[in-house]
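**Q** Numbering (this note's numbering), first residue to last: 1 to 220. For every residue, glycine included, the Cβ atom is placed at its ideal position computed from N, Cα and C. Values in this document were obtained by computation on a predicted structure and should not be read as measured data.
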Amino acid sequence: REGARMIDTWINTHRQMYDRATRHPFVLSVRDGSVDSSSFKRWLGQDYIFVRQFVPFLASLLLKACRESEDQSDVEVLLGGIASLHDELSWFKKEASKWDVMLNAITPQKANQDYCRFLESLMLPEVDYTVAITAFWAIESVYQKSFSSCLEAGSNTPAELLETCQRWGNDGFGQYCCVLRGIAERRLETVSKDVVMMAEGVFVRVLESEIRFWDMSYGE
Ligand code: HMH
């Protein structure tokens with residue numbers, strides 16, 4: 001099964017960038033407990049803005065799945081994703097008030113704007129479902145890999161950040177990412193070489209965007 005190996009191949013081809021996205025210094029500082037609260041608060045505020053933009057992206061992906069997927073369970077998986085985003089937005093508001101972050105006073109930084117514009121380009125109807133679901137898997141799995149590393153044995157994550165790490169680092173989220181990867185791999189087996197190349201390009205673009213996103217936690 002070619003599609004199944006495709007993603008492993010991409011990860012190996014782009015290993016350096018993949019590691020920079022999933023083992024970023026900000027995440028390593030959460031993991032070893034040296035993170036400063038101003039970095040965490042900057043990340044929290046910017047990520048709230050990002051997640052708000054993630055809602056229409058996921059809605060567009062759901063629409064593509066309804067129209068293009070040959071497997072009905074894709075729609076149910078994505079619908080579950082939309083439901084958890086609802087919960088996630090409430091969590092951001094609660095977390096922000098805990099840290100005295102004023103969510104309505106935050107302006108998106110350049111890296112965030114660029115990432116959101118990239119998401120918008122993937123919402124266009126002419127973008128293939130396979131390409132869009134690959135992007136979605138990559139976006140979710142960078143967070144899953146990053147935050148689950150902060151929960152591993154030997155990590156020294158501060159108690160007040162554990163809830164954040166569990167949000168994306170818990171086993172259920174890990175399984176969800178595996179299901180998304182499975183959908184992407186199934187689709188990659190059936191599409192043309194051109195679409196596969198586009199999907200790889202989008203994977204790389206997600207990694208670059210995630211690195212720049214983590215970089216924002218250090219401030220301007
Ligand atoms: C920047 N990437 C970014 N924010 C997130 N919340 C996720 C991925 C995972 O949902």
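Take Ser146 as the anchor and find which of Glu210, Leu61, Ala65 has the nearest alpha-carbon.
**A** Out of Glu210, Leu61, Ala65, Glu210 has the C-alpha closest to the C-alpha of Ser146.
**Q** When the Cα atoms are used, what is the spatial distance from Asn154 to Thr134?
**A** In the sequence on display, residue 154 carries Gly and not Asn. Answer to the nearest angstrom: the Cα atoms are 32 Å apart.
**Q** Going by C-alpha distance, which of Met197, Ser141, Ser192 is nearest Val179?
**A** Comparing Cα-Cα distances from Val179 to each of Met197, Ser141, Ser192, the minimum goes to Ser141.
**Q** Three-state secondary structure (DSSP) at Gly182?
**A** Gly182 falls in the helix class under three-state DSSP.
**Q** Taking the beta carbon of Gly81 as the centre, do at least 16 other beta carbons fall within 10 Å, making it buried, or is it exposed?
**A** Looking at its Cβ environment, which holds 16 or more other Cβ atoms inside 10 Å, Gly81 is buried.
**Q** With a threshold of 16 other CB atoms inside 10 Å of the CB of Lys64, please say whether the residue is buried or exposed.
**A** The residue in question, Lys64, is buried, as its Cβ has 16 or more Cβ neighbours within 10 Å.
**Q** Rank Phe92, Leu62, Cys66 by C-alpha distance to the C-alpha of Leu78 and give the top, closest one.
**A** Closest by alpha carbon: Leu62.
**Q** Can you list every residue whose CB sits closer than 7 Å to some heavy atom of the ligand HMH, going in chain order?
**A** Here the list is Asp47, Phe50, Val51, Phe54, Tyr115, Ile139, Glu140, Val142, Tyr143, Trp168, Glu210, Phe213.
**Q** Tell me the DSSP secondary structure of Asn156 in three-state form.
**A** Coil, per DSSP.
**Q** Express the C-alpha separation of Ser192 and Asp87 in angstroms, rounding to a whole number.
**A** Approximately 37 Å, taken between the alpha carbons.
**Q** Buried or exposed: Leu188, going by 16 or more other Cβ atoms within 10 Å of its Cβ?
**A** Under this definition Leu188 is a buried residue.
**Q** Would DSSP call Cys150 helix, strand or coil?
**A** Note: Cys150 maps to coil in three-state DSSP.
**Q** Would you mind sorting Thr22 into buried or exposed? The rule is 16 or more other CB atoms within 10 Å of its CB.
**A** The residue in question, Thr22, is buried, as its Cβ has 16 or more Cβ neighbours within 10 Å.
**Q** Taking 8 Å as the threshold (C-beta atoms), are Gly182 and Ile106 in contact?
**A** The answer is no: Cβ separation not under 8 Å.
**Q** Hey, would you say Cys239 sits closer than 8 Å to Val51, going by beta carbons?
**A** The structure shown has nothing for residue 239, since the chain only spans 1 to 220.
**Q** With Glu108 as the anchor, note down where its alpha helix (DSSP H) starts and where it stops.
**A** Note that residue 108 is Pro in the sequence shown here, rather than Glu. Counting along the chain, Pro108 falls outside any alpha helix (DSSP H), and DSSP gives it neither H nor E.
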